[in-house]
Ligand SMILES: [Zn+2]
């Protein structure tokens, strides 16, 4: 099953209802000031009728467009179709051919502009909608010269991308600069991330809760415990097993149990001899790290609507990357933002 999430806006031939407010002043009463036919580019419509109104307060006149229309000759539906073609993986040229199947001739440049315009709409539409739970994850995307780091923010209520930043997720200062205006504008109270330390630092600085993606933690802990079982002195293998089991069960007081396990282990020998970390040291570090982060593993338990993994964000990034593979590298940051946003909303 395939769901197109870029919705096709409705397009009306004519708007008979009167405008509510003057675009120039607070005026609310108008005289109709004639109308004209406007030729439009749309799969179902050749022309539309646009009334002009005159404001009784400031006496300025303005066109009042029917739904789905604005100053451009392409309807909003047409622009969305062009963006959908592109999201489905077509080149600008291919999208042009795809649209000609609807009897519409659009050049590559105007399709490029349509993709940009759809992205702008996506970015603007998100500004005022509150987002309580925000997923964040970094990715690398082929761009000018080399791969470029991006940070993707996803509304975990809707699974839709909010914005992408030209930000390296490992740099706490950069992550903070990116996140702070989002937190303020959208009213974010929880972020869901992986366990990179930069996210922890920033969440504390901005006073938001942080849920650490459990899928991510289980993956690396599972791998490490698997290795440790081969290398640890046999008497400590059970401790490694219990650590992994605690992570699976996520009991509320798991951190206390971890500290108790840590106390059972013999004191570290590393440092004194300057040797590499032994398997026992690795186990110790693992336990300390998990105990320190424990409260961030369980935010979903007491905060409503917080997922216990960051999968929705990873899915958005997956869509962005899939599209980025067939684009021969984005050439500029604005082009990359638009491409990623439109691709991230994408087609499920
Ligand atoms: Zn006015």
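Residue numbers (the numbering used here): 33 to 380.
C-beta: ideal position from N, C-alpha, C; glycine also.
- Under a 10 Å Cβ-count criterion, residue 201 is classified as buried, with 16 or more other Cβ atoms of the shown protein chains found around its own Cβ.
- Of all alpha-carbon atoms in 88, 118, 45, the one lying nearest the alpha-carbon of residue 82 is that of 45.
- In the three-state scheme derived from DSSP, where H, G and I count as helix and E and B as strand, residue 183 is classed as strand.
- Assigned with DSSP and collapsed to three states, residue 71 falls in strand.
- The beta carbon of residue 130 sits closer than 7 Å to the beta carbons of 117, 122 from its chain, once the five residues preceding and following it are set aside; these are given in chain order.
- One thing to note: residue 369 has its Cβ no nearer than 8 Å to the Cβ of residue 167.
- Looking from the CA of residue 319, the closest CA among 89, 256, 239 belongs to 256.
- Around the beta-carbon of residue 292, fewer than 16 other beta-carbon atoms lie within 10 Å, marking it exposed.
- Taking residue 219 as the centre and dropping the five residues before and after it, the same chain places the C-beta of 162, 163, 164 closer than 8 Å to its C-beta, in chain order.
- The DSSP-derived three-state label of residue 127 is helix.
- Fewer than three Cβ pairs drawn from the segment 355 to 362 and the segment 225 to 240 lie within less than 8 Å of each other, which leaves the two stretches out of contact.
- DSSP places residue 292 within a helical segment (H, G or I) once states are collapsed to three.
- Non-local beta-carbon contacts of residue 125 in its own chain, meaning distances under 7 Å to residues more than five positions away in sequence, involve 140 in chain order.
- The beta carbon of residue 87 is closer than 7 Å to those of 54, 56, 57, 59, 62 in its chain, skipping five residues each way along the sequence.
- Look at residue 56: its beta carbon is less than 7 Å from one of the heavy atoms in ligand 1.
- Nearest to residue 347 by alpha-carbon distance, out of 100, 85, 191, 143, is 191.
- Beyond the five residues adjoining it in sequence on each side, residue 71 comes within less than 6 Å, by CB distance, of 79 in the same chain, given in chain order.
- Contact between the segment 178 to 190 and the segment 327 to 334 is absent: fewer than 3 CB-CB pairs across the two stretches fall below 8 Å.
- Distance from the C-beta of residue 84 to the nearest heavy atom of ligand 1 is not below 7 Å.
- When secondary structure is reduced to three states using DSSP, residue 171 falls in the strand class.
- Not one heavy atom of ligand 1 falls within 7 Å of the beta-carbon of residue 46.
- Scanning its chain for C-beta atoms nearer than 7 Å, with the 5 sequence neighbours on each side dropped, one finds around residue 105 the residues 71, 72, 73, in chain order.
- Looking from the CA of residue 372, the closest CA among 233, 224, 196 belongs to 196.
- With contacts defined by Cβ atoms closer than 8 Å, residue 109 and residue 40 form a contacting pair.
- The Cβ-Cβ distance between residue 206 and residue 193 does not fall below 8 Å.
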